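So the sequence lines, in the order shown, correspond to chains X and G. Read in order, the letters of the first sequence are residues 1 to 355 in our numbering. Read in order, the letters of the second sequence are residues 356 to 710 in our numbering. Glycine residues also receive a C-beta, built at the ideal position from the N, C-alpha and C atoms. Source: prediction; values computed, not measured. This report concerns only the one structure given below.
Protein chains: 2
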Amino acid sequence: MAEQAPTIYDVAERAGVSVATVSRALNDVESLRAVTRDKVMRAMAELDFVPNNVARGLSRGKNWVIGLAFMHSPVKANEAEVEADSLLYTDIIIRGVEAQAARHGYSLLLCSAGEEHPDGIAPLRNLTQSVDGWIVLDRVLNVEEVPEISRRTPIVLMAGAGDSDAAFTVRVDNEGGIASLVSHLVEAHGARRFGYMSGLEESPDNVARLRALRDATRRWGGQLNEEDIVSCDWTSGGAEVQTMRWLDRRVDLPDVLVCANDQMAVGAIHALGARGLKVPRDIAVTGFDDIPIARYLTPALTTVRQSSSAMGAEAVDVLLAAMANEPVANTTTMASRLQIRHSCGCQGELGEDVA
Amino acid sequence: MAEQAPTIYDVAERAGVSVATVSRALNDVESLRAVTRDKVMRAMAELDFVPNNVARGLSRGKNWVIGLAFMHSPVKANEAEVEADSLLYTDIIIRGVEAQAARHGYSLLLCSAGEEHPDGIAPLRNLTQSVDGWIVLDRVLNVEEVPEISRRTPIVLMAGAGDSDAAFTVRVDNEGGIASLVSHLVEAHGARRFGYMSGLEESPDNVARLRALRDATRRWGGQLNEEDIVSCDWTSGGAEVQTMRWLDRRVDLPDVLVCANDQMAVGAIHALGARGLKVPRDIAVTGFDDIPIARYLTPALTTVRQSSSAMGAEAVDVLLAAMANEPVANTTTMASRLQIRHSCGCQGELGEDVA
DNA sequence: GTTTCAAAAGTAACCGGTTACAAAAGTAAC
DNA sequence: GTTACTTTTGTAACCGGTTACTTTTGAAAC
Numbered sequence: 001m002a003e004q005a006p007t008i009y010d011v012a013e014r015a016g017v018s019v020a021t022v023s024r025a026l027n028d029v030e031s032l033r034a035v036t037r038d039k040v041m042r043a044m045a046e047l048d049f050v051p052n053n054v055a056r057g058l059s060r061g062k063n064w065v066i067g068l069a070f071m072h073s074p075v076k077a078n079e080a081e082v083e084a085d086s087l088l089y090t091d092i093i094i095r096g097v098e099a100q101a102a103r104h105g106y107s108l109l110l111c112s113a114g115e116e117h118p119d120g121i122a123p124l125r126n127l128t129q130s131v132d133g134w135i136v137l138d139r140v141l142n143v144e145e146v147p148e149i150s151r152r153t154p155i156v157l158m159a160g161a162g163d164s165d166a167a168f169t170v171r172v173d174n175e176g177g178i179a180s181l182v183s184h185l186v187e188a189h190g191a192r193r194f195g196y197m198s199g200l201e202e203s204p205d206n207v208a209r210l211r212a213l214r215d216a217t218r219r220w221g222g223q224l225n226e227e228d229i230v231s232c233d234w235t236s237g238g239a240e241v242q243t244m245r246w247l248d249r250r251v252d253l254p255d256v257l258v259c260a261n262d263q264m265a266v267g268a269i270h271a272l273g274a275r276g277l278k279v280p281r282d283i284a285v286t287g288f289d290d291i292p293i294a295r296y297l298t299p300a301l302t303t304v305r306q307s308s309s310a311m312g313a314e315a316v317d318v319l320l321a322a323m324a325n326e327p328v329a330n331t332t333t334m335a336s337r338l339q340i341r342h343s344c345g346c347q348g349e350l351g352e353d354v355a
Numbered sequence: 356m357a358e359q360a361p362t363i364y365d366v367a368e369r370a371g372v373s374v375a376t377v378s379r380a381l382n383d384v385e386s387l388r389a390v391t392r393d394k395v396m397r398a399m400a401e402l403d404f405v406p407n408n409v410a411r412g413l414s415r416g417k418n419w420v421i422g423l424a425f426m427h428s429p430v431k432a433n434e435a436e437v438e439a440d441s442l443l444y445t446d447i448i449i450r451g452v453e454a455q456a457a458r459h460g461y462s463l464l465l466c467s468a469g470e471e472h473p474d475g476i477a478p479l480r481n482l483t484q485s486v487d488g489w490i491v492l493d494r495v496l497n498v499e500e501v502p503e504i505s506r507r508t509p510i511v512l513m514a515g516a517g518d519s520d521a522a523f524t525v526r527v528d529n530e531g532g533i534a535s536l537v538s539h540l541v542e543a544h545g546a547r548r549f550g551y552m553s554g555l556e557e558s559p560d561n562v563a564r565l566r567a568l569r570d571a572t573r574r575w576g577g578q579l580n581e582e583d584i585v586s587c588d589w590t591s592g593g594a595e596v597q598t599m600r601w602l603d604r605r606v607d608l609p610d611v612l613v614c615a616n617d618q619m620a621v622g623a624i625h626a627l628g629a630r631g632l633k634v635p636r637d638i639a640v641t642g643f644d645d646i647p648i649a650r651y652l653t654p655a656l657t658t659v660r661q662s663s664s665a666m667g668a669e670a671v672d673v674l675l676a677a678m679a680n681e682p683v684a685n686t687t688t689m690a691s692r693l694q695i696r697h698s699c700g701c702q703g704e705l706g707e708d709v710a
């Protein structure tokens, strides 16, 4: 193991040329004579030469690496049991980013904050020269910290990372999604009274979804009591507990519980069931995200679909444009779409999507 | 944006010392006089200096980066709909790896194979000098390809990556998990006839689980017909379709359908429901992995739990030991544990785990 | 066989750090 | 104030590539 890798010097010597020539062969410079290139290529093959990307990155000032920063789950309470509960959404984004980056020849450097680095900015600072640009999820950076990093390296914020003049943002159309959800609930199911299961309160997406819900209910003459806004943390486990507490203190339930994401809807439905309440008969429950498993739940979850992988890909595109100094909108909003299934009260072939 | 970052030369000049001294200050060499160190530190702070890790990696031959290679989902059929369906398990491993790597000061370089690089080995080859070691999931490398990479960089294989003398392997105890599952099904529920929903057939984990099931049923005098081994691909969507086909051709169902992972159990239960078959009343269904949502399904899924994040962490530990030339077992087997819920036929408080 | 000039190949500096070795500075003893 | 020796700091080579600039090569024209 750990056998010494050959360098261009070894290749040059074996091929009887200079290192500059080897470098040119590596980089497909057209000014190489075919016979020379062949000589070099043969030597590379014989030595099983692989260029050192780190060295290349140093001298060219470009690493072909995109950094992706995200948060560890803050909830470590029940370690083994809840691991990764709230994470599916972020994970799908990571995949989308990775795939798109790969398509453009970039690798992804993962960097998480949370547990070890409560400030978040330290690892970003340290790695910032290893990377050609950053995609930052969650609340890794405070708004005030963004400029310090973005001064040296372009940043795209997404998935709850908030807004900043010093960075680009890719977000989902929370407003449109919630609006069409509410209009469906009102028009198709006559919903009047709404509840809201909240994600982490500071989260920009949570804030936007709650505000959108307030606006939409007002517009439709519906009602959203403060008592029916249930504080939670994006996780199923948390939602289960919080729903129980909510049921303990409320006798009079709203018509619908709009959850800020799918995981919490799962937990809420579960808790309601444990109290003998059937969804959607006794209360409708909706989600947000449309995680893959949403359609297999019982009842199949009515939710607002966003394509996390498309968002991840879009973030890469924005970042690459920024890196190339091409003009890009400061904020990109990705479409969301109502995905009607059964948990809102719609009926259909079991397992079929209604619309 | 893209403002030029200061280097140690800038710092040295400002502090009125040599670059060697700056480097020593950076690396906490004890032979620096306090007054000199302070001078340097002040200059670094004033310039907002951040060391360039790429350069550091080049000269020290150590990048503090662990590479993680995995496969894209092979199923891209229904693009938007099935995205990431089969992926939760891998994602949790990635998180586990990342967290443990971070704990030891390493970053993670993500590298996926599949779509763009059907061979898998090409990106690994290219990045191999950017990385201090590899963790390889799935079938990114064929067994024959492993030595070519591991000659230069240590490799840990896991999550279905197979075995190789030229690498270390971290695997889950498929045998023990399946054995305890079968013994529970036989002893508590009198199961005699078993079916198996297979993951991708070449996958080592799938092979091991099927073999373990064959062994266990034989040991208990049970029965596993070839006709009841349903070929599938690890995904819910695939399982739904394959279960339908299976139901079309079999009149006489076994007592249990043992699924090679949880996602497929979800799809199978869904398909059974669509045909009017109730789980566990008409047939029991079990999973493998214990993904976070398993306990919220209806019925709550009886499954074999493995801690994917612990496996990821273990892989990092093995890799670090290998990198340090410490002695490590060639294969590490992680415990699995039967998680009894309701889909096997056990009853309990709704939502409570039975045992 | 020269001369001319474009194309091909080589030399050496550079990217931003680390570090072996050499030089300078500081300390203690005389 | 020397001398002797230890500590601290500086110089320059090196990690493995790229590339500006220079030199060599070779083909075409004379």
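Ser698(G) is not a Cβ neighbour of Leu632(G), given a cutoff of 9 Å.
Residue range Ile363 to Ala370 is occupied by the alpha helix (DSSP H) that includes Tyr364(G). In this structure, DSSP gives Trp489(G) an extended state, which the three-state scheme calls strand. Straight-line measurement puts the Cα of Phe643(G) at about 16 Å from the Cα of Ala571(G).
Inclusion of Val279(X) and Pro299(X) in the CB contact set at 9 Å is warranted, their separation being smaller than that value. As the crow flies, the alpha-carbon of Ile533(G) is around 7 Å from that of Arg564(G).
When DSSP states are grouped into helix, strand and coil, Thr128(X) belongs to the coil group.
Not flagged as an interface residue toward chain X: Tyr364(G), since no C-beta distance is shorter than 9 Å. Around the C-beta of Val390(G), fewer than 16 other C-beta atoms lie within 10 Å, and the residue is accordingly described as exposed.
With a 10 Å radius around the Cβ and a threshold of 16 neighbouring Cβ atoms, Ser130(X) comes out buried. Per DSSP, Ser467(G) lies in no alpha helix (DSSP H); the unbroken beta strand (DSSP E) holding it starts and ends at Ser462 to Ala468. In this structure Arg600(G) is exposed. Its beta-carbon is surrounded by fewer than 16 other beta-carbon atoms within 10 angstroms. When C-alpha distances from Gly667(G) are compared across Arg566(G), Gly422(G) and Arg636(G), the shortest belongs to Gly422(G). Counting along the chain, the unbroken beta strand (DSSP E) around Leu338(X) starts and ends at Arg337 to Gln339. With 16 or more other Cβ atoms inside 10 Å of its own Cβ, Asn561(G) counts as buried. Using beta-carbon distances, Ser378(G) does not count as an interface residue toward chain X, since no partner is under 9 Å.
The DSSP assignment places complete alpha helix (DSSP H) segments of no fewer than 4 residues inside the region 255-324 of chain X at 262-274 and 308-323, in order along the chain. DSSP places Arg507(G) outside both helix and strand once states are collapsed to three, so it counts as coil. Listed as beta-bridge partners of Ala69(X) by DSSP are Cys111(X) and Val136(X).
In the three-state reduction of the DSSP assignment, Ser414(G) falls in the helix class, which pools H, G and I. Straight-line measurement puts the Cα of Thr524(G) at about 6 Å from the Cα of Asn685(G). Comparing alpha-carbon positions, the option among Ala102(X), Gly238(X) and Arg214(X) lying closest to Met426(G) turns out to be Ala102(X). Bounds of the beta strand (DSSP E) holding Arg193(X) are Arg193 to Met197. When the Cα atoms are used, Ser112(X) and Val541(G) turn out to be separated by approximately 45 Å. Within chain X, no residue has its CB atom less than 9 Å from the CB of Leu632(G), the nearest being about 12 Å off. In this structure Glu314(X) is buried. Its beta-carbon is surrounded by 16 or more other beta-carbon atoms within 10 angstroms. Nearest neighbour of His104(X) by Cα position, chosen from Leu319(X), Leu338(X) and Pro327(X), turns out to be Leu319(X).
Residue pairing from DSSP places Met513(G) in a beta bridge opposite Val525(G).
Shortest Cα-Cα distance from Ala521(G) to any of Asp617(G), Asn529(G), Leu536(G) and Ile504(G) involves Ile504(G).
Going by DSSP, Glu401(G) is part of the alpha helix (DSSP H) stretching over Ala389 to Leu402.
Not flagged as an interface residue toward chain G: Asp165(X), since no C-beta distance is shorter than 9 Å. Taken residue by residue, none of the region 687-701 of chain G has a beta-carbon sitting less than 9 Å from a beta-carbon on chain X. Annotation: Val611(G) to Arg660(G) spans about 18 Å, alpha carbon to alpha carbon.
A distance below 9 Å separates the beta carbons of Asp528(G) and Ser691(G). Separation of the CB atoms of Ala294(X) and Asp262(X) is rounded to 5 Å, and the pair is thereby assigned contact status at 8 Å. The Cβ neighbour count for Glu453(G), taken over all protein chains shown within 10 Å, is at least 16; the residue is labelled buried.
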